[in-house]
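What follows is a set of notes on a single structure, which appears directly below.
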Amino acid sequence: KAGVTQTPRYLIKTRGQQVTLSCSPISGHRSVSWYQQTPGQGLQFLFEYFSETQRNKGNFPGRFSGRQFSNSRSEMNVSTLELGDSALYLCASSRDRGVGSPLHFGNGTRLTVT
Amino acid sequence: QKEVEQNSGPLSVPEGAIASLNCTYSDRGSQSFFWYRQYSGKSPELIMFIYSNGDKEDGRFTAQLNKASQYVSLLIRDSQPSDSATYLCAVNVNTGKLIFGQGTTLQVKP
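Protein sequences, first through last, are from chains A and B. Residues in the first sequence are numbered from 1 upward in steps of one, following the working numbering. Residues in the second sequence are numbered from 115 upward in steps of one, following the working numbering.
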């Protein structure tokens with residue numbers, strides 16, 4: 001069974017640009033979550049999607065947005081990039097939203113903003 | 115107060131010893147608890163999860179949960195150098211949202 005696939009693996013962008021990251025969940029998984037990981041802040045929750053609807057949102061500015069498609073694939077968009085947005089962005093999927101349904105992470109997208 | 119707290123370490127143990135990793139959480143409504151391992155430059159990998167008070171064992175790993183004390187721990191028996199990594203505690207604060215601690219770095223010395 002294929003794992004969570006994130007593309008691209010690496011991105012270099014300039015301040016002010018926007019970026020779109022893609023995530024394909026494990027087959028059969030319907031919930032997709034996004035996290036930002038930095039050395040100083042650790043893993044910070046961005047948002048969670050289930051059945052094409054955002055179910056939870058973390059404390060990030062509106063520049064961060066996402067969506068989920070009918071096949072459960074998800075995209076995350078960051079507009080007007082800032083230097084502080086440089087981070088590892090991790091997508092994770094789970095079978096459903098039950099409390100016993102663990103997250104499985106992709107390899108991440110390393111975003112560098114210059 | 116952070117929602118999920120872990121000692122950042124590093125925790126250093128000799129090969130073959132028991133490593134004990136601890137995590138406290140603030141939300142009494144938390145229902146499930148997860149331990150992930152993250153090697154440097156890699157993504158987090160699920161080790162195990164627990165949602166009932168008591169112990170849950172899986173091979174060399176044992177997760178312990180005490181909801182009254184809002185405390186969850188991970189014991190690694192017969193620690194190996196390959197166990198050297200950062201261990202992340204995560205708590206389900208409401209359905210679909212996992213909050214992670216900062217992680218504890220474990221070093222197992224041969």
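Beta carbons are placed, not taken as given, at the ideal position from N, Cα and C, and that holds for glycine. Here the structure is a predicted model, which means the values were calculated and not measured.
- By the C-beta density criterion, Thr218 (chain B) is buried, having at least 16 other C-beta atoms within 10 angstroms.
- Counting the other CB atoms within 10 Å of its CB gives Asn206 (chain B) a total of 16 or more, which places it among the buried residues.
- Asn59 (chain A) has a beta carbon lying at 9 Å or more from every beta carbon in chain B.
- Beyond the five residues adjoining it in sequence on each side, Glu52 (chain A) comes within less than 8 Å, by CB distance, of Arg67, Gln68, Phe69 and Ser70 in the same chain, given in chain order.
- Counting only Cβ-Cβ distances below 7 Å, Gly42 (chain A) has contacts in chain B at Phe214, Gln216 and Gly217, in chain order.
- Taking Val113 (chain A) as reference, the option from A:Ser86, A:Phe60, A:Phe64 and A:Pro8 with the minimal CA-CA separation is A:Ser86.
- Taking 9 Å as the cut-off, the beta carbon of Ser33 (chain A) is found closer than this to the beta carbon of Gly210 (chain B).
- By the criterion of at least three beta-carbon pairs nearer than 8 Å, the segment 36 to 45 of chain A is not in contact with the segment 10 to 25 of chain A.
- Residue burial is scored here from C-beta neighbours: Ala133 (chain B) has at least 16 other C-beta atoms within 10 angstroms and is therefore classed as buried.
- Given a length threshold of 4 residues, the segment 55 to 95 of chain A has no whole run of the alpha helix (DSSP H) inside it.
- In this structure, A:Ser31 is the residue among A:Tyr89, A:Ser31, A:Tyr10 and A:Arg15 with its C-alpha nearest to the C-alpha of Asn56 (chain A).
- Taking 9 Å as the cut-off, the Cβ atoms of Ser146 (chain B) and Val99 (chain A) count as close.
- Taking C-beta atoms as the reference points, Glu159 (chain B) and Cys137 (chain B) fail to come closer than 9 Å.
- Counting of Cβ neighbours within 10 angstroms places Ser101 (chain A) among the buried residues, the total reaching 16 or more.
- The criterion of a C-beta distance shorter than 9 Å is not satisfied by Val186 (chain B) and Ile161 (chain B).
- Under the Cβ criterion of 9 Å, Val113 (chain A) is not counted among the residues facing chain B.
- Nearest to Trp149 (chain B) by alpha-carbon distance, out of B:Gln221, B:Gly215 and B:Leu202, is B:Leu202.
- Judged by DSSP secondary structure, Lys223 (chain B) falls within the beta strand (DSSP E) whose first and last residues are Thr218 to Lys223.
- A Cβ of chain A is located within less than 9 Å of the beta carbon of Leu202 (chain B).
- Between Ser31 (chain A) and chain B, the shortest Cβ-Cβ separation is below 9 Å.
- By the Cβ rule, the segment 9 to 21 of chain A counts as touching the segment 73 to 88 of chain A, because three or more pairs are nearer than 8 Å.
- The alpha-carbon of Cys91 (chain A) is positioned some 18 Å away from that of Ile12 (chain A).
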